[in-house]
Amino acid sequence: MMDFDLTKEQQDIKKAAKEFAEGEFTEIAEECDREEKYPPDLVKSAADLGFIGINLPEEYGGGGYGYMEKCLVSEEFFRVDPGLGSVLISATFGADMIELFGTEEQKKSYLVPITKGEAVMGSAITEPDAGSDVSSVRTTATRDGDGYVINGNKMFITNGTVGAYFVVLCLTNPENRSRHNRHSVILVESDRKGFEANKLRNKLGIRASDTGELTFKDVRVPKKNLIGDEDRGFYQFMDFFNRTRIHVGAEGVGIAQGAMEKAISHLKERMQFGKYLSSFQSIQFRIAEMATRIQAARNLVYEAALKADKGDLDHELTAMAKWFAGETCVRTAEEAVQIHGGYGYIGEYGVERLYRDSKIIEIYEGTKEIEKLIIARSMLR
Ligand SMILES: Cc1cc2nc3c(=O)[nH]c(=O)nc-3n(C[C@H](O)[C@H](O)[C@H](O)COP(=O)(O)OP(=O)(O)OC[C@H]3O[C@@H](n4cnc5c(N)ncnc54)[C@H](O)[C@@H]3O)c2cc1C
132 MMDFDLTKEQ
142 QDIKKAAKEF
152 AEGEFTEIAE
162 ECDREEKYPP
172 DLVKSAADLG
182 FIGINLPEEY
192 GGGGYGYMEK
202 CLVSEEFFRV
212 DPGLGSVLIS
222 ATFGADMIEL
232 FGTEEQKKSY
242 LVPITKGEAV
252 MGSAITEPDA
262 GSDVSSVRTT
272 ATRDGDGYVI
282 NGNKMFITNG
292 TVGAYFVVLC
302 LTNPENRSRH
312 NRHSVILVES
322 DRKGFEANKL
332 RNKLGIRASD
342 TGELTFKDVR
352 VPKKNLIGDE
362 DRGFYQFMDF
372 FNRTRIHVGA
382 EGVGIAQGAM
392 EKAISHLKER
402 MQFGKYLSSF
412 QSIQFRIAEM
422 ATRIQAARNL
432 VYEAALKADK
442 GDLDHELTAM
452 AKWFAGETCV
462 RTAEEAVQIH
472 GGYGYIGEYG
482 VERLYRDSKI
492 IEIYEGTKEI
502 EKLIIARSML
512 R
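Once you know that position 279 of the sequence shown is 410 in my numbering, the rest is easy, because the numbers rise by one and skip nothing.
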């Protein structure tokens, strides 16, 4: 049996994340969303308080905590504002790849600036023609003397125009018989000659988060920028996503919780037909359904996180958690808009933003269909 009770330390972390988000996000969330504004100062403040890289080892400036603690922080940040939550949680996107597969020198060079809040990073896998099918990535890294020359394009890259460096999935061995042994992970600094990033605008949601399209034109990097083993990049990224998806599940739980809280406070204040909306049984049922789904999603996420913290990475459970939390947050945010009526459709109450933001949980780091494929494969094996 899994014990879901939070320790005193975990409760304190959750409380601190809640207070930080409520104190720091509220003033700027609407403006960052409307103007698609990335807030670097917020990243620094969060890093100073230890929220950035909470799960990274202490020797590289991290918090030394586990998956569970990062889930608690993700949940609280996304509950208050998913756009700003995404800015902070994604500041380290790719750091786990370095922690898992990097050399000591790479960890010192690339993790410390991130945990200090002096730089943010990203992971570049997706390409214009390679999304769910990761093994079809075509950006090439060709050996040249003591290094690689990189050519290609990456699409939808979080922190694309603000990141100091990226772990990039590149084709290094196109002739290998197995499509899963053709790629390598190479770290590329954004100040290298031939690197270009363009901001993608007009996203549906998480508009404070920076998303870019990257172009690599004869970008030269030294051999020491290889992360892990040559031609093992596909497997390294699958391992990486089996971990980071737990946190995406927590993001979904946070959005759903935030949407339900907003719905509850509205229907306790709004009167129609001479009664509070909260007194109508059909509305009460909807709150009961929301609360139950959120609890179920949270339990899946916590179970996946607690198991991972014990060294037992359960890919199917993680896929279930991410898929179910994604669906739960999209449904709950939609219900929250409906419960607000016309007020839900305009910006003022914030549920419109949560509704737009929620959809990303079903898309990034593996769409809900890919999660279901992982679950089904395991069930039918
Ligand atoms: C805001 C944002 C941030 C992102 N950040 C990053 C990032 O930092 N780094 C990065 O590398 N990528 C990032 N992505 C990309 C994201 O991971 C991809 O968009 C996602 O994996 C889907 O790929 P795709 O868009 O090419 O869709 P496709 O793979 O073309 O899929 C289109 C549809 O077909 C479905 N589909 C595909 N294959 C199958 C199948 N076999 N069976 C059933 N259905 C299938 C999909 O589920 C989806 O519904 C980001 C995307 C967004 C929108």
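We treat Cβ as the ideally placed atom computed from N, Cα and C, and that holds for glycine. None of the values given here were measured: they were computed from a predicted structure.
Cβ of residue i within 6 Å of any heavy atom in ligand 1?
| i | result |
| --- | --- |
| residue 270 | no |
| residue 288 | yes |
| residue 315 | no |
| residue 256 | yes |
| residue 262 | yes |
| residue 500 | yes |
| residue 342 | yes |
| residue 495 | yes |
| residue 294 | no |
| residue 380 | no |
| residue 405 | no |
| residue 481 | no |
| residue 253 | yes |
Can you list, in chain order, the residues of its chain whose CB lies under 8 Å from that of residue i, leaving out five sequence neighbours each side?
| i | result |
| --- | --- |
| residue 459 | 383, 384, 387, 424, 425, 427 and 428 |
| residue 331 | 287, 291, 342, 343 and 344 |
| residue 162 | 168 |
| residue 433 | 133, 135, 199 and 202 |
Tell me, please, whether the CB atom of residue i is closer than 7 Å to any CB atom in chain C?
| i | result |
| --- | --- |
| residue 207 | As a matter of chain content, chain C is missing from the structure shown, which is built from one protein chain. |
Please say whether residue j and residue i have beta carbons closer to each other than 7 Å?
| i | j | result |
| --- | --- | --- |
| residue 248 | residue 293 | no |
| residue 463 | residue 390 | yes |
| residue 509 | residue 466 | no |
| residue 298 | residue 316 | yes |
| residue 502 | residue 453 | yes |
| residue 371 | residue 227 | yes |
| residue 359 | residue 232 | yes |
| residue 449 | residue 512 | no |
If we ignore side chains and look at the alpha-carbon of each, how far apart do residue i and residue j end up?
| i | j | result |
| --- | --- | --- |
| residue 244 | residue 135 | 34 Å |
| residue 172 | residue 337 | 18 Å |
| residue 198 | residue 455 | 18 Å |
| residue 410 | residue 260 | 51 Å |
| residue 499 | residue 469 | 24 Å |
| residue 475 | residue 481 | 8 Å |
| residue 277 | residue 303 | 14 Å |
| residue 204 | residue 352 | 35 Å |
Who are the near neighbours of residue i in its chain, counting only those whose CB is closer than 6 Å to its CB and skipping five residues on each side?
| i | result |
| --- | --- |
| residue 282 | 271 and 347 |
Please go through the same chain and pick out, in chain order, the residues whose beta-carbon is closer than 7 Å to the beta-carbon of residue i, but skip the five residues on each side of it.
| i | result |
| --- | --- |
| residue 222 | 174, 183, 245 and 251 |
Cβ of residue i versus every heavy atom of ligand 3: is any distance shorter than 6 Å?
| i | result |
| --- | --- |
| residue 509 | For ligand 3, the structure offers nothing, since it holds only ligand 1. |
Who pairs with residue i in a beta bridge, going by DSSP?
| i | result |
| --- | --- |
| residue 258 | 261 |
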